[in-house]
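Residue numbers (our numbering): -1 to 399. We treat Cβ as the ideally placed atom computed from N, Cα and C, and that holds for glycine. Here's the structure, in structure tokens; my notes come after.
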């Protein structure tokens, strides 16, 4: 029986691997930035990398899509010494144990069989322990022997920035990380005991400069939008639509779009107010002619409150600023009561402008301080903001029911 028969075929995407990869990728992106350079063949292989931090394994797991399902070998005398370490490895990393001395290679072969036999890739740190100074230590030949015995490629990988992030015996310091993938070395090109081709590749990859954090594509697109005249036009259109039927508040435009460009937040808030006033007038005119636009996510309680407030005239719209009732409900009620449009527009401009500028000042200040993080993790921010808004909206609707 040949060694190749002991190697499985990659099984495709898997939920655990995707969740683990996504978790670490997002975490590294938020704390300093994360980038992968290069590509790898889609097959079972032995992946070897330099080792200087406990962040190395998560950085590698984040680099490979879940079909690779990379699994690391970890020292059983440290990571599997108690129930807490074992639980951490199982949930956050996924690992197989191996001894560091006394029959270590036989244990490594057994661990490799568990991993490569399922078509997954095996992660090995040939130095055996974390470097204190960032310099490469002696590379043991176990990974090379495994690649030859199982007849799989060996992939050199350089981890850059992990030591600065979390050095051995040091403090956590946020910063960017790069995972640089080398060229796979085929098993027939490996010479027993000679790790120099691996060391040479990793040394070359490490020499290619400091790690850099890429800009989030969503941040780049929205920053450019807000830099252009189209950004202010979009703000006015959003305010107009929200005052007619659009169920998302005008100020969410500031959080979703303008936060990518703090200097444009307050101008956008002004255009939101202008668009909102135009929408209020439009909705009032429609309501006068019994053609009130649809108002999704509103309740009878909201309409009752608006009717009570607008009974006082155009100034009643000021009550809308803090009570969570959409402005379109007040605009429709103003139309049904045939409140004159000029005072309605004047009071709407004051109320909507004050609210938009106040919230805009908050968004501008927070986004200015958080811009380095937003610049590299804007999609994460958008997801979090969207979830928060949905939760808040559900509470408002529940209250007015």
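Item, Value
"Helix, strand or coil at residue 292 according to DSSP, with G and I counted as helix", "coil"
"Cβ-based neighbour list, residue 17, same chain, cut-off 8 Å, excluding 5 preceding and 5 following", "none"
"As assigned by DSSP and simplified to three states, the class of residue 42", "coil"
"Euclidean distance between Cα positions of residue 39 and residue 130", "32 Å"
"Residue 330 classed as buried or exposed, judged by whether at least 16 other C-beta atoms fall within 10 angstroms", "buried"
"From 154, 145 and 205, residue whose alpha carbon lies closest to that of residue 197", "154"
"Neighbourhood of residue 248 by C-beta, 7 Å cutoff - its chain only, sequence neighbours within 5 removed", "236, 237, 240, 270, 274 and 354"
"Cut-off 8 Å between Cβ atoms - residues of its own chain near residue 58, not counting five sequence neighbours on either side", "45, 47, 68, 70, 121, 155, 157 and 177"
"Secondary structure of residue 156, DSSP reduced to three states", "strand"
"Proximity winner among 356, 216 and 262, relative to residue 228 (alpha-carbon distances)", "262"
"Paired residues, beta bridge with residue 47 - DSSP", "155"
"Beta bridge counterpart(s) of residue 183 as assigned by DSSP", "152"
"Boundaries of the alpha helix (DSSP H) in which residue 19 is found, first to last residue", "13 to 29"
"Simplified DSSP assignment, three categories, for residue 357", "helix"
"beta-carbon residue 136 near the ligand SAH non-hydrogen atom, thresh 8 Å", "The ligand SAH is not among the ligands present in this structure, which contains no ligands whatsoever."
"Counted within 10 angstroms of its Cβ, other Cβ atoms place residue 325 as buried (16 or more) or exposed", "buried"
"Cα-Cα separation between residue 172 and residue 372, rounded to whole angstroms", "15 Å"
"DSSP-derived helix/strand/coil call for residue 220", "helix"
"Option nearest residue 343 by Cα separation, candidates 277, 204, 361 and 369", "277"
"Sheet register partners of residue 66 (DSSP bridge)", "Paired residue(s): none; residue 66 is not in a bridge."
"Residue 5 burial status per 10 Å Cβ neighbour count (16 or more: buried)", "buried"
"Cα-Cα separation between residue 302 and residue 296, rounded to whole angstroms", "11 Å"
"Nearest candidate by alpha-carbon position, reference residue 55, set 127, 209, 327 and 105", "127"
"C-beta neighbour in chain D for residue 320, strict 9 Å", "Judged by its chain identifiers, the structure shown contains no chain D, having just a single protein chain."
"Any 3 or more C-beta pairs closer than 8 Å across the segment 177 to 196 and the segment 29 to 37", "yes"
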